[in-house]
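Numbering-wise, our numbering comes out as the position in the sequence shown, counting from 1, plus 12.
Ideal Cβ positions, reconstructed from N, Cα and C, are used throughout, including at glycine.
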Amino acid sequence: MAERVQQPPAKRLCCRPGYNTNCRQGQRAGGTLCGGSGTAQGGSSKTLSPESLLDISARKVAEKWPFQRVEERFERIPEPVQRRIVYWSFPRSEREICMYSSFNTGGEESGTSGENSDETRLPFRRGIALLESGCVDNVLQVGFHLSGTVTEPATASEPELVCSVSVSFDRCKITAVTCGCGNKDIFYCAHVVALALYRVRKPEQVKLHLPISETLFQMNRDQLQKFVQYLITVHHTEVLPTAQKLADEILSTNSEINQVHGAPDPTAGASVDDENCWHLDEEQVQEQVKLFLSQGGYHGSGKQLNLLFSKVREMLKMRDSNGARMLTLITEQFMGDPRLALWRQQGTTMTDKYRQLWDELGALWMCIVLNPHCKSEQKCVWLRQLRRWNSVDVCPWEDGNHGNELPNLTHALPHGNPDLSSRPHRTVFTRAIEACDLHWQDTHLQRIITHDLYTHSHAHCHHDNHGSAGALFDARGWPLWHGETRFSRSSFGSNSLPPRLPLAEHIPTACARVDALRSHGYPREALLLAIAIVNTLIRQQQKHLELFRSHKKELLHKGMTSVTNMEGWVGHPLDPIGTLFSTLLDTGRGDEEGRNAFLDFSGSVSSAKRSEPHLFPAQRLLDDGQSFVALAVETALIGLGQQRVMPDGLYAQEKVCRNEEQLLAKLQEVELDDALVKIFRKQAIFLLEAGPYSGLGELLYRESVPMHTFAKYLFTSLLPHDTELAYKIALRAMRLPVLESMAPSGDLSRPHHIVSMVPNRYPRWFTLSHIESQQCELASTMLTAAKGDGRKLETVLESIQKNIHSSSHIFKLAQDAFKIATLMDSLPDITLLKVSLELGLQVMRMTLSTLNWRRREMVRWLVTCATEVGVYALDSIMQSWFTLFTPTEATSIVATTVMSNTTIVRLHLDCHQQENLASSARTLALQCTMKDPQNCALSALTLCEKDHIAFETAYQIVLDAAVTGMSYTQLFTIARYMEHRGYPMRAYKLATLAMAHLNLSYNQDTHPAINDVLWACALSHSLGKNELTAVIPLVVKSVKCATVLSDILRRCTLTTPGMVALHSRRNSGKLMSLDKAPLRQLLDATIGAYINTTHSRLTHISPRHYSEFIEFLSKARETFLMAQDGHIQFTQFIDNLKQIYKGKKKLMMLVRERFG
């Protein structure tokens, strides 16, 4: 907190008796100063004598009455009485001091600065250390003011620091603190803590004096003048200007100071009008929250804000009025966050962690306005505040960036179809505003939470043994809590069912009452109300089951899908199930800290101790053998199994998933015993049979929240105890109707409750990928458990094929099944392997005509899986390859892998089996080549090498497709393969076909096909003159690049055609003449290409390319000179260039220098 060196201003004025008729008369008594006296608790006496009546009464007065009221009430107060009141007015509990000097009681969390997480650095811990080290000195209590000095020992980096500390207090609360350390923080510094704890732990060592005004009353004029002069002398540099100013004002008759009776006394205690609350530095609270918000979630600011919220809850639990005050300060800073307007303007969403902070803010305000002892005046102040915040444009909406289209949900859904378009958006404060209308005056509610054994036998009211909708007790006579019950038609539709269902107090609102009771320090009352609510849920659950059973045939015949809850309990902003669960579980584990005070709706809070303080009488409201833990578990199962609509918006949907996982994590911490297993069985059966009320019922609304994660937990929990029931639950939960095809339009005419509420709503499931992964996890869990059980594996397989629509998730399941089936420490499970293969085949069919970046991995894995299953599986996938693979995949991956040595060795095939498998692979290859010769021809030729007929067939397919269906690249590749295999003439044939498809322009001197052209010419040259003669016209036609043509020309003139032919063919041994065909044709084409290229390059040439161009002409001259009249042709060519491009003077000068 921000401690200031200046003393706080006096709270009230004190005057001499008889000074004015409006002043106090004779309150002060004379006497000498002394320390604390008496043998009261906390005093110096060590005897075991009982407390005196003086101490007992003084302690009570000091706790409840401001000292001014004491003075006004009694004409004269004896000095010993004043001393004991002053003595007992200081706080006696260290808990509150700890609460105001650390983030949580006990100091387990880090300080607000977040710089050091060592708990020894917390103000409270450091204060204890300073106290125990003897660093507190000069402690003096004057009236209601405590002062002293605290010495901070020197360290390696800091010198010794002596701090002057003062503390004001009133009615056992510290109301103001100052410290010379200058520390700025929300909470008290270590020096304030050390001084306060010194007074708490060592009261007998503190010099105690009455208020300073009392001492002054006892002085005459001379004594007063001497007192003032000595005071000024000792502190003349500090107080002399102030003293002179006050003297001038007092001597002035008309001064303001003379218009007021009495004078201020900072040690005289509180006035009647002073608010009695602990000191809280509002400025520092605002500054710290503003700082944390500005950090935007970095540097642990989110954690610090959560700790502040925890501090608010701690204050509420201590019934400290600063809880609401601190939350108001926090809320103001949140509302002033500049990012809110920026996000709204840009249409972007706030971060998830920041969104959760707003949720906690709204929940805390709900707790505050539901304080059972909140005065109506205070509630009106809060309501105005909440409405003001709620009206701000940037106030966050409850469900994120999407407006909530639900009606007022503080109570149950009204009957009918309200105008959704006219309803304003619900903000994070809407529920707290609505909760301001709630009260605690209902007689039945008061009896539930204030009577330990409130049952039907103790209540003078009618009990409907048939369990009518509004019954106040269940069949066992235990109380239920419906709130103010109203009635409406069933959600099956207004015309479908005659019965009417109760529209009682909204369950989350009822649970918010429980949270409020716990938050305000009434755990016993919270427990009693929680039990009543859970009993109500259990009773309603049974009623729902009976209602569905009585109309099951009619509903199933209509094929109706309805939902009974527009707003689910899990993922709800008020977290009703989490509240009930933690209330019951903490009680069952003994974690709930009970308090002696209990609710008294007569207007006061009683603190009488109960006859059995360690026994909750509510234990008697449980069945034989039942426990609070069991009731908590059953509550969680009821909430998780509720059929509810997936909410709109990314944040709301993520919250549903997150809260479900958090609740399941808590459930998993509970060890199952026989009693809990019975509850699991009971709830599992209900979930399967409860129709539209259950997320696992037979009637499922298309947009209901899926049950995959919950069902996985139920499955693993029930599997060791009831296998059949576990599988029924898991298989029913596999449904994901939102991915099914849209229902026919005719279905909209049916009385769907949900359709009438939200017409034409098309789902946008932002968390769909997560939901599908959870569905996949559930299926994987079942596959693992079903290993070795063929019937169950078949059932699970059917469910996967029917309900999972994601190829990637099915592929994952196939891989999981394969891993489980082929564990190293056991023989392969052939049934599970077949399941894995079947899933893999489904993946192949699903992804055959769609793009999937994992497709090649999937194909390779399928072949591996089929190999493990056996040779018949490999043969089967090759027989039906066209439904599973593309031709390229079938030849390059499937058939190639099947015919590899690794596969043959793995399957231990004999020669006959190898041949049959190879035959199937060759047949597949030929079929694929017919369908896609461009991509499959080479693979087919490779696969058919060992079978002459098949090889010839594949070659013929290539020839047939070469004219129109294949590119020059593919043909060149196959041609090279043929040469490599020893078929040069076939290679030559394919090369000539490839040349017919090729076209190299004059500037493509780096084209990738150049090497293929050179290879083709070399092949033709090696075969003989006839082949070369045939290929050169093709080259001339296809290649216009001069450098490539000149390269081919030179190669043809170096050796005699046929000299390196693979076949021993006779040749003349003479070099071919450039003056005769076919080389003459090639030479002319090369010269012509150089001429054309030269003119093309000169059209757009720049100076930086001049030298490169000169080199190009040099190469051209070499080619020109290969002709008999080449010199003349080149000279004429250069002269033409000089004439045509004479404007390019610099370039032509370079040409003349090189070529004349």
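Need the endpoints of the alpha helix (DSSP H) that residue i sits in, please.
i, result
"phenylalanine 593", "588-601"
"lysine 1052", "Unbroken run through lysine 1052: none, as it is neither H nor E."
"histidine 1112", "No alpha helix (DSSP H) contains histidine 1112, which DSSP labels as neither H nor E."
"threonine 548", "535-562"
"cysteine 877", "867-881"
"threonine 647", "640-652"
"valine 174", "Counting along the chain, valine 174 falls outside any alpha helix (DSSP H), though it belongs to the beta strand (DSSP E) covering 173-182."
"lysine 943", "923-943"
"lysine 846", "842-859"
"histidine 451", "Element bounds for histidine 451: n/a, residue is neither H nor E."
"leucine 207", "202-213"
On a CA-only basis, which of the options is nearest residue i? Give me that one, please.
i, options, result
"alanine 1021", "Thr779, Glu957 and Phe984", "Phe984"
"leucine 795", "Leu851, Val1048 and Ile783", "Leu851"
"glutamine 271", "Val1051, Phe79, Tyr112 and Glu261", "Glu261"
"alanine 1101", "Ala1054, Leu1083 and Glu672", "Ala1054"
"lysine 1150", "Ile842, Leu1005 and Leu1162", "Leu1162"
"arginine 337", "Gln368, Gly348 and Cys289", "Cys289"
"valine 917", "Val174, Glu880 and Arg183", "Glu880"
"aspartate 828", "His817, Leu839, Val847 and Met942", "Val847"
"arginine 1063", "Trp1027, Ala1042 and Asp1096", "Trp1027"
"leucine 730", "Gln307, Arg601 and Ile691", "Ile691"
"alanine 1003", "Val1043, Arg138 and Arg993", "Val1043"
"lysine 724", "Leu708, Ile905 and Glu1039", "Leu708"
"alanine 1158", "Leu1066, Leu292, Phe156 and Pro1115", "In the sequence under discussion, the amino acid at residue 1158 is lysine, which differs from the alanine named in the question. Nearest option by C-alpha distance: Pro1115."
"methionine 1007", "Cys1029, Tyr995, His291 and His992", "Cys1029"
"valine 906", "Asp197, Thr343, Leu263 and Ser951", "Ser951"
"tyrosine 1118", "Lys1156, Asp1096 and Arg88", "Lys1156"
"serine 1108", "Thr1131, Gln1144, Lys1088 and Ile1152", "Ile1152"
"histidine 221", "Gln1141, Ile97, His1033 and Leu700", "Ile97"
Can you give the beta carbon distance from residue i to residue j, rounded, assuming they're within the 8 Å contact cut?
i, j, result
"alanine 444", "valine 393", "About 13 Å; that fails the 8 Å criterion."
"asparagine 815", "methionine 746", "4 Å"
"methionine 858", "serine 912", "About 27 Å separates the two Cβ atoms, so there is no contact after all."
"phenylalanine 321", "glutamate 372", "5 Å"
"glutamine 786", "histidine 733", "Not quite, the Cβ-Cβ distance comes to about 23 Å (not below 8 Å), so this is no contact."
"aspartate 527", "cysteine 669", "Not quite, the Cβ-Cβ distance comes to about 22 Å (not below 8 Å), so this is no contact."
"leucine 676", "phenylalanine 640", "The Cβ separation is near 19 Å, so there is no contact."
"alanine 791", "leucine 825", "6 Å"
"glutamate 108", "methionine 362", "Between methionine 362 and glutamate 108 the Cβ distance is about 35 Å, and since that is not below 8 Å, they are no contact."
"lysine 1052", "serine 1013", "5 Å"
"leucine 492", "alanine 544", "6 Å"
"isoleucine 1113", "phenylalanine 1121", "6 Å"
Is it the case that the Cβ atoms of residue i and residue j are separated by a distance below 7 Å?
i, j, result
"arginine 211", "phenylalanine 102", "yes"
"alanine 542", "threonine 595", "yes"
"proline 223", "threonine 279", "yes"
"glutamate 537", "isoleucine 461", "yes"
"glycine 1036", "proline 1069", "yes"
"alanine 937", "threonine 898", "no"
"valine 151", "glycine 160", "yes"
"leucine 142", "alanine 202", "yes"
"leucine 4", "valine 910", "The requested residue 4 is not part of the displayed model; the chain covers only 13 to 1168."
"glutamine 298", "glutamine 345", "yes"
"leucine 586", "proline 520", "yes"
Residue range of the beta strand (DSSP E) that residue i falls in?
i, result
"histidine 157", "157-164"
"valine 154", "148-154"
"aspartate 686", "Segment 686-701 is the alpha helix (DSSP H) holding aspartate 686; no beta strand (DSSP E) there."
"leucine 1133", "Taken as a continuous stretch (DSSP letters only), leucine 1133 belongs to no beta strand (DSSP E), as it is neither H nor E."
"isoleucine 186", "185-191"
- Report the residue ranges of all beta strand (DSSP E) runs contained in full by the region 357-408; include only those spanning at least 3 residues, in chain order. The region 357-408 contains no whole beta strand (DSSP E) run of 3 or more residues.
- What residue ranges within the region 300-333 form continuous alpha helix (DSSP H) runs of no fewer than 4 residues, ordered along the chain? Complete alpha helix (DSSP H) runs here, min 4: 313-329.
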